[in-house]
Amino acid sequence: MTEVQEKMKSYLKNRTYSFFEGIEDQAKRTPLNNIYTELYITHGGSGEVNNEHEVRQIETACRFPVEQETSIQLNDIFKPLPGQDKHIRTVLTKGVAGIGKTVSVLKFMLDWAEGKANQDIQIIFPLPFRDLNLMRDTNQSLIELLHHSFIETKESEISENKNIVFVFDGLDECRLPLDFQNNKICCDVTESTSVDVLLTNLIKGILLPSAHIWITTQPAAANQISPECVDQVTEVRGFNDLQKEEYFRKIIGEEELASRIISHIKTSRSLHIMCHIPVFCWISACVLERLLVEAESREIPKNLTQMYAHLMIFQSKLRSQKYPVEHANDSHWDKEMILALGKLAFQQLDKGNLIFYEEDLRECGIDIKDAAVYSGVCTQIFREESGLNQMKVYCFVHLSIQEFLAALYVFLMFTNNNINLMAKEKSLRKNKLYHDAVDKALRFENGHLDLFLRFLLGLSLQSNQHLLQSLLTPTGSRSHRNKKTVKYIKENIRKKLPLERCINLFHCLNELNDHSLVEEIQSYLRSGSLSKSKLSFRQWSALVFMLLTSEKLDVFDLKKYIRLIFLKLLPVVRSSRTALLNKCKLTKKSCEALASLLKSNSCCLRLLDMSGNKLQDSGVKLLSAGLEDPHCKLETLK
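Residue numbers (the UniProt record's numbering): 1 to 638.
Written out as structure tokens, the structure is:
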């Protein structure tokens with residue numbers, strides 16, 4: 001085993017030593033140890049599925065400082081938590097796209113390969129789901145799969161008495177039918193069967209029960225793994241404020257420029273929130289470094305739409321310089337590239353796909369040779385990778401880039417060609433693009449199109465369209481009556497939609513520079529008349545949105561508001577660290593709602609003051625049930 005171990009360590013060291021975005025360009029590779037910034041990994045509860053859009057999850061998470069959670073060190077991923085007395089075989093690590101799951105996997109393997117940690121592990125097999133997808137139509141044994149994927153292991157035997165770790169990165173990219181209930185049993189490493197059968201038996205512990213399994217996934221895909229198969233759930237929480245600054249200084253290198261970028265990020269709430277995601281820090285660094293150094297723009301991006309538009313401009317210019325085209329002589333944009341990638345982004349977003357294969361590209365009219373050019377030049381937009389079998393897979397560097405390009409494509413098709421891709425029937429409602437887009441986004445309870453909608457509305461503003469330049473045809477209709485869209489969004493808020501849907505509509509109003517509902521609530525607060533006012537559902541929604549998007553939500557004091565509407569403010573209570581509900585005449589129904597909230601893994605409450613409430617026995621029993629739940633994180637109860 002020693003010789004094979006050394007070969008695998010050498011293989012992993014070569015694979016993980018340096019980090020790159022885009023294709024493997026040796027000139028652009030950066031040593032991982034030089035830029036790696038420690039991430040917070042926390043215990044993630046039961047593995048319950050969070051179907052919210054990742055930006056919503058980040059907006060929630062950033063209100064609760066990650067340093068106040070009990071963190072798990074990366075190299076201790078298979079060790080029991082303090083107070084736990086059980087063997088950890090299978091770990092499921094959740095985290096939104098770009099939060100650092102894959103980089104954490106690379107760092108874990110690099111530390112092992114360099115002899116820095118976990119030397120009791122004899123061998124690590126990295127098997128990303130995007131590579132396993134390419135084997136979905138083949139039958140082979142586990143031994144054949146490993147020997148085929150890692151030539152370093154061809155001379156070795158895989159037996160039960162060896163400490164082996166399998167790393168399955170990117171469950172959200174899985175296109176295999178992981179049927180844990182009905183797949184046949186396989187306990188022999190030499191038995192030939194389908195890849196999904198091998199995986200379900202490995203994860204269940206029927207095949208190689210002594211092996212360790214590490215699976216990473218975005219939260220929405222976590223339910224593909226049966227809960228009884230998972231010993232520990234962890235979550236990668238991204239950067240806190242200090243880690244953001246550390247990362248910018250590492251990646252920029254120049255102290256003064258890094259400080260200027262950090263200062264600018266702090267001026268925008270939306271940019272500062274997104275920088276909890278390491279990939280967005282990287283995007284921001286790329287854009288702001290060029291703008292601040294080249295001083296080619298009077299306006300530095302202050303919101304997401306502007307940031308992503310500048311990112312596309314830089315990449316488009318880069319490709320035009322390397323591959324000149326006649327129509328791009330006086331333009332920042334390579335229109336052909338944007339339309340091709342935009343079509344791919346939109347069609348695949350509509351299907352819910354983040355990883356694409358050759359057939360997906362051909363379906364959108366992209367030649368495979370063009371894909372190589374895009375990924376070779378547009379390294380911050382589109383990526384081409386070789387799997388274990390050297391077959392090509394493609395993806396956008398981050399979901400938000402796919403969403404922006406999809407929105408840009410929909411906007412251009414409407415503006416230049418009068419085609420409404422959001423309409424149910426293409427021949428109808430040609431001039432109702434933004435209404436149709438709002439309707440379609442509202443149909444997805446998980447917020448699948450939330451950020452897409454924000455980008456689309458941001459692009460509708462003439463103040464942002466100067467960035468689009470030659471993408472708009474001379475005959476294209478550039479005017480858009482934002483007042484009608486604002487009115488339509490407010491009408492939808494009035495319909496008493498689920499609060500989560502309403503919150504994104506308020507974000508959409510912000511994109512359209514309409515803050516009237518929030519300003520109305522702020523005037524109530526300033527006048528001190530809020531507790532005496534009878535608010536409409538729309539006004540309640542505005543109050544919740546305002547509180548949830550405030551800088552910090554450490555303490556929530558119900559007495560500042562109306563005591564009898566506790567249930568309407570539950571989302572605010574859930575996102576607060578301290579809730580002061582003393583002397584608020586709480587009812588049995590309030591206790592029931594509070595107990596349910598305490599059982600939730602997403603509840604941030606640590607201190608709850610309920611003194612001065614005359615709770616009946618029924619209310620006390622309900623509350624006790626919430627306090628006894630293993631997910632309850634409350635530390636102090638008054």
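Just so you know, even glycine gets a beta-carbon here, dropped at the ideal spot from N, CA and C.
| Expressed to the nearest angstrom, what Euclidean distance is found between the alpha-carbon atoms of I41 and L433? | Residue 41 sits at position 41 when you count from the first residue of the sequence shown. Residue 433 sits at position 433 when you count from the first residue of the sequence shown. About 41 Å.
| query | So does the stretch 394-403 actually touch the stretch 442-462, counting three or more Cβ pairs closer than 8 Å? | reply | yes
| request: Give the straight-line distance between the Cα atoms of F129 and N513, rounded to the nearest whole angstrom. | output: For the purposes of this step, residue 129 is taken as the residue at position 129 of the sequence shown. For the purposes of this step, residue 513 is taken as the residue at position 513 of the sequence shown. Approximately 42 Å, taken between the alpha carbons.
| field | Outcome for residue 643 when other beta-carbon atoms lying within 10 angstroms are tallied against a minimum of 16 | value | Nothing about residue 643 can be reported from this structure: the residues present for the chain run from 1 to 638 only.
| message | I'd like the span of the alpha helix (DSSP H) that includes F506, first residue to last. | response | Within the sequence shown, the letter at position 506 stands for residue 506. F506 -> alpha helix (DSSP H) spans 499-511.
| Does any residue of chain D bring its CB to less than 8 Å from the CB of S10? | The structure shown contains no chain D; it holds only a single protein chain.
| C-beta contact flag for F382 and F396 at 8 Å | Residue numbering aside, residue 382 sits at position 382 when the sequence shown is read from its first letter. Residue numbering aside, residue 396 sits at position 396 when the sequence shown is read from its first letter. A contact, by the Cβ cut-off of 8 Å.
| query | Hey, how far is the Cα of C174 from the Cα of D557? | reply | As a first step, residue 174 is located in the sequence shown; it is residue number 174 there, counting from the start. As a first step, residue 557 is located in the sequence shown; it is residue number 557 there, counting from the start. For C174 and D557, the distance between alpha carbons rounds to 45 Å.
| request: Taking L570 as the reference, give the member of A595, I88, D179, K585 with the closest Cα. | output: Numbered from 1 along the sequence shown, position 570 holds the residue referred to as residue 570. The shortest C-alpha separation from L570 is found at A595.
| field | Run of the beta strand (DSSP E) containing A579, from where it starts to where it stops | value | Counting from one through the sequence shown, the residue named residue 579 turns up at place 579. Looking at the DSSP string, the run of the beta strand (DSSP E) that includes A579 is 578-580.
| Which of helix, strand or coil does DSSP assign to H212? | In the sequence shown, counting from the first residue as 1, residue 212 sits at position 212. Reduced to three states, the DSSP call for H212 is strand.
| task | Identify, in the order they occur along the chain, each residue of the same chain with its Cβ nearer than 6 Å to the Cβ of P301, setting aside the five sequence neighbours on each side. | result | For the purposes of this step, residue 301 is identified with residue 301 of the sequence shown, where counting begins at 1. Hits under 6 Å: M307, H310.
| Using the rule of at least 16 other Cβ atoms within 10 Å of the residue's Cβ for burial, across every protein chain shown, is C603 buried or exposed? | In the sequence shown, counting from the first residue as 1, residue 603 sits at position 603. Result: buried.
| message | Do L171 and Q232 count as a contact pair if the criterion is CB distance below 8 Å? | response | Taking the first residue of the sequence shown as position 1, residue 232 is located at position 232. Taking the first residue of the sequence shown as position 1, residue 171 is located at position 171. No.
| task | Report the three-state DSSP secondary structure of E628 (helix, strand or coil). | result | Numbered from its first residue, the sequence shown carries residue 628 at position 628. Three-state DSSP puts E628 in a helix.
| request: Confirm, please, whether the CB-CB distance from L134 to L198 is below 8 Å. | output: Here residue 198 refers to the residue found at position 198 when the sequence shown is read from its first residue. Here residue 134 refers to the residue found at position 134 when the sequence shown is read from its first residue. Not closer than 8 Å, so no.
| request: Note the first and the last residue of the continuous alpha helix (DSSP H) segment covering I123. | output: Against the sequence shown, residue 123 aligns to sequence position 123. Careful: I123 lies outside any alpha helix (DSSP H), inside the beta strand (DSSP E) at 123-126.
| DSSP on Y36, reduced to helix/strand/coil? | Walking along the sequence shown from the start, residue 36 turns up at place 36. Of the three classes helix, strand and coil, the one that applies to Y36 here is coil, per DSSP.
| query | Nearest CA to the CA of Y36: which residue from T2, D617, F248? | reply | Position 36 of the sequence shown holds residue 36. Among T2, D617, F248, the Cα nearest to that of Y36 belongs to F248.
| query | Ordered along the chain, which non-local residues of its own chain (more than five positions away) have a Cβ less than 8 Å from that of S600? | reply | Residue numbering aside, residue 600 sits at position 600 when the sequence shown is read from its first letter. Excluding sequence neighbours, S600 sits near R574, H631.
| Using a Cβ-Cβ cut-off of 7 Å (strictly less than) and excluding sequence neighbours within five positions of I419, which residues of its own chain qualify? | On the sequence shown, residue 419 is found 419 positions in, with the first residue counted as 1. Result list for I419: M413, in chain order.
| query | How about K94 and L32: do their beta carbons lie closer than 8 Å? | reply | Along the sequence shown, one-based indexing puts residue 94 at 94. Along the sequence shown, one-based indexing puts residue 32 at 32. Going by C-beta atoms, K94 is not nearer than 8 Å to L32.
| task | Please name the residue in K369, I283, F411 whose C-alpha comes closest to that of K343. | result | For the purposes of this step, residue 343 is taken as the residue at position 343 of the sequence shown. That would be F411, whose Cα lies nearest to the Cα of K343.
| task | Have a look at L74, L467, L517, S463 and flag the residue whose alpha-carbon is nearest the alpha-carbon of I489. | result | For the purposes of this step, residue 489 is taken as the residue at position 489 of the sequence shown. Checked all of L74, L467, L517, S463; the closest Cα to I489 is L517.
| When you compare each of Q122, H87, A117, E255 to M8 by their alpha carbons, which one comes out closest? | Against the sequence shown, residue 8 aligns to sequence position 8. Closest option to M8, Cα to Cα, is Q122.
| message | Can you find the residues in the same chain that come closer than 7 Å, C-beta to C-beta, to R260, ignoring five residues on each side of it along the sequence? | response | One-based indexing of the sequence shown puts residue 260 at position 260. Closer than 7 Å at Cβ, skipping near neighbours: L292.
| query | Roughly how many angstroms separate the alpha carbons of I77 and W112, rounded to a whole number? | reply | Here residue 77 is taken as the residue at index 77 of the sequence shown, counted from 1. Here residue 112 is taken as the residue at index 112 of the sequence shown, counted from 1. Rounded to the nearest angstrom, the two C-alpha atoms are 13 Å apart.
| request: Counting only the same chain and skipping the five closest in sequence on each side, list residues whose C-beta sits under 7 Å from that of H272. | output: Indexing the sequence shown from 1 puts residue 272 at position 272. Result list for H272: I265, K266, in chain order.
| query | Helix or strand or just coil, what does DSSP make of C395? | reply | Mapped onto the sequence shown, residue 395 falls at position 395. Strand at C395.
| query | In this structure, does DSSP put L637 in helix, strand or coil? | reply | Start at 1 with the first residue of the sequence shown, and residue 637 comes out as number 637. Strand.
| task | Quick one: grab the DSSP three-state call for N139. | result | Taking the first residue of the sequence shown as position 1, residue 139 is located at position 139. Three-state result, N139: strand.
| request: Can you check DSSP and say which residues form a bridge with Q232? | output: Translated into the one-based positions of the sequence shown, residue 232 becomes position 232. Answer by DSSP bridge pairing, in chain order: V91.
| field | Inter-residue Cα distance where the pair is G612 and L637 | value | Here residue 612 is taken as the residue at index 612 of the sequence shown, counted from 1. Here residue 637 is taken as the residue at index 637 of the sequence shown, counted from 1. In a straight line, the C-alpha of G612 is about 13 Å away from that of L637.
| query | alpha helix (DSSP H) containing I273: first to last residue? | reply | Your numbering for residue 273 matches position 273 in the sequence shown. Per DSSP, I273 belongs to the alpha helix (DSSP H) from 269-274.
| field | C-alpha distance - F566 paired with R136, whole-angstrom precision | value | By 1-based counting over the sequence shown, the position of residue 566 is 566. By 1-based counting over the sequence shown, the position of residue 136 is 136. Rounded to the nearest angstrom, the two C-alpha atoms are 51 Å apart.
| task | Put V165 into one of helix, strand or coil per three-state DSSP. | result | To locate residue 165, count along the sequence shown from 1; it is residue 165. Note: V165 maps to strand in three-state DSSP.
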